[in-house]
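Chemist:
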Amino acid sequence: MFHKYYRPKHLAEALAVLSEYEGRARVMAGGTDLIVQLNKGDISFEAAVDITNIKELRYIIEEDGIKIGALTTHTDLAQSSLLRQKAPSLADAAGEVGSLQIRNVGTVGGNIVNAQPAADAAIPLMALDAVATIVSASGARQVALEMLYHPGGGTILDPCSEILTEITFRPPSDMGGGSAFGRLSKRKALSLPVFNAAVVLLPAADDKNIMDARIVMGPVARIPFRAREAENLLRGNAFNEDLFHDAADTASREAKPRDSLFRGSSAYRKKLAQVIVYRSLIKAWKDMGC
Ligand SMILES: Cc1cc2nc3c(=O)[nH]c(=O)nc-3n(C[C@H](O)[C@H](O)[C@H](O)COP(=O)(O)OP(=O)(O)OC[C@H]3O[C@@H](n4cnc5c(N)ncnc54)[C@H](O)[C@@H]3O)c2cc1C
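The sequence shown begins at 84 in the working numbering and counts up by one.
Here's what the structure looks like:
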């Protein structure tokens with residue numbers, strides 16, 4: 084456990100406390116991951132810096148793209164009419180997280196920084212090509228979500244000195260595109276997904292061909308995984324169901340899920356990848372109004 088608890092009202096105060104403790108204090112948001120890890124003895128730190136009172140970090144706005152404050156909860160995301168309209172993959176994914184209690188306190192920032200390979204909000208955000216803003220006592224930097232993750236697991240962000248403040252992306256609907264999210268979990272409540280995937284499709288100027296495609300899957304690697312070969316197969320070709328089948332087969336081949344007593348065999352989850360990626364491609368196509 085920790086010995087000191089801070090609940091600053093402003094970002095600058097939170098950063099000052101982190102600086103003062105020189106790596107011995109840690110950012111805490113909803114605590115839904117952190118407290119579990121503390122109780123298990125997986126991590127320890129001297130002081131918790133609870134940032135949930137920093138009201139300036141909780142918002143979803145449209146301003147030169149969509150901007151989401153790191154303290155925005157899964158409930159906020161799921162209930163956002165802006166996201167439902169412009170990035171339904173993210174709203175749908177957030178609505179699937181854990182239980183109502185977890186969705187009410189768990190934040191999008193915590194979901195990203197905790198770096199679970201199947202984190203339900205991080206998967207669609209990576210497909211949406213989102214960029215994270217990270218602030219520390221020495222300044223701010225912007226990092227594409229994809230670059231935030233270490234290939235071997237975890238993120239490059241240090242929650243003992245840095246705070247993720249904002250996530251931004253250009254909604255696919257602004258480019259005539261669509262997005263979709265698909266997921267299977269073992270039971271309805273409180274379980275991390277057995278498999279999840281998010282898809283973004285962007286049309287070329289002629290509306291018939293695919294200009295760009297992004298497919299992100301979890302948990303099939305140590306971090307959210309981009310199915311690049313499947314994306315390449317889609318790019319430059321005409322939208323059609325046969326192509327989506329081929330892309331889903333390719334994504335399934337790229338996926339490397341482990342055998343898991345809890346989540347099922349690797350073979351079973353590769354089959355799931357095929358089915359869920361295909362369905363998500365169809366759904367994203369429909370989201371384009373097709
Ligand atoms: C019962 C249960 C069910 C769950 N079900 C799901 C599920 O279905 N899908 C899913 O994706 N997740 C699930 N989770 C995991 C968790 O709820 C989410 O990942 C949640 O979004 C974490 O957010 P938080 O605000 O609680 O993070 P916290 O627990 O507060 O923090 C998580 C990590 O991120 C760091 N951190 C948090 N915010 C910031 C920030 N702004 N800047 C820098 N570092 C930060 C913390 O130091 C910590 O390392 C579940 C958890 C539980 C306990």
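Virtual Cβ for every residue (Gly too), placed ideally from N, Cα, C.
#1: Is there contact here, the segment 203-217 with the segment 243-253, by at least three beta-carbon pairs under 8 Å?
#2: Where are the alpha helix (DSSP H) runs, 4 residues long or more, that stay fully inside the segment 132-170, in chain order?
#3: TYR89 and ALA153: beta carbons closer than 8 Å?
#4: Go through its chain and collect everything with a Cβ distance to PHE308's Cβ below 6 Å, but skip five positions before and after it.
#5: How about ALA334: is its Cβ closer than 7 Å to a heavy atom in ligand 1?
#6: Take the Cβ of LYS366 as the centre, count every other Cβ of all protein chains shown within 10 Å, and call the residue buried at 16 or more, exposed below.
#7: Compare the C-alpha of MET371 against each of SER262, VAL188, SER363 and name the closest.
#8: Could you spell out the range, first to last residue, of the beta strand (DSSP E) harbouring TYR88?
#9: ASN187 and THR156 - do their beta-carbons sit closer together than 8 Å?
#10: Just reading off the beta strand (DSSP E) that ASN122 is part of, what are its end residues?
#11: Please report the straight-line C-alpha distance between PRO234 and LYS291, rounded to a whole angstrom.
#12: Can you give me the start and stop residues for the alpha helix (DSSP H) that GLN225 sits inside?
#13: Taking only heavy atoms of ligand 1 into account, decide whether any of them is closer than 7 Å to the Cβ of GLU324.
#14: What distance in whole Å lies between the Cβ atoms of VAL191 and ALA204, which are believed to be in contact at a cut-off of 8 Å?
#15: Specify, as a first and last residue, the run of the beta strand (DSSP E) that MET300 falls within.
#16: Please state whether DSSP places VAL180 in a helix, a strand or coil.
#17: Can you list, in chain order, the residues of its chain whose CB lies under 8 Å from that of ARG266, leaving out five sequence neighbours each side?
#18: So, for SER349: in the same chain, excluding its five sequence neighbours on each side, which residues have a beta-carbon less than 7 Å away from its beta-carbon?
#19: State the Cα-Cα distance for the pair ASP241 and ALA321, rounded to the nearest angstrom.
#20: Could you check whether LEU173 and PRO207 sit closer than 8 Å to each other, using their CB atoms as the reference points?
#21: Going by C-alpha distance, which of GLY113, GLN168, LEU355, PRO302 is nearest GLN184?
Modeler: Taking the structure as given:
#1: yes
#2: 157-162, 164-169
#3: no
#4: MET300
#5: no
#6: buried
#7: SER262
#8: 87-89
#9: Going by beta carbons, THR156 and ASN187 fall inside the 8 Å limit.
#10: That residue, ASN122, is in no beta strand (DSSP E); its alpha helix (DSSP H) goes 117-123.
#11: Computed Cα separation, rounded: 35 Å.
#12: Counting along the chain, GLN225 sits inside no alpha helix (DSSP H); it lies in the beta strand (DSSP E) bounded by residues 222-227.
#13: Outside the cutoff, so no.
#14: 5 Å
#15: 293-301
#16: coil
#17: The residues are ALA176, GLU179, ASP203, PRO276, PHE278, ASN279, ALA280, ILE359.
#18: Same-chain partners within the cutoff: PRO340, ARG341, ASP342.
#19: 43 Å
#20: Yes, the Cβ-Cβ distance between PRO207 and LEU173 is below 8 Å.
#21: GLY113
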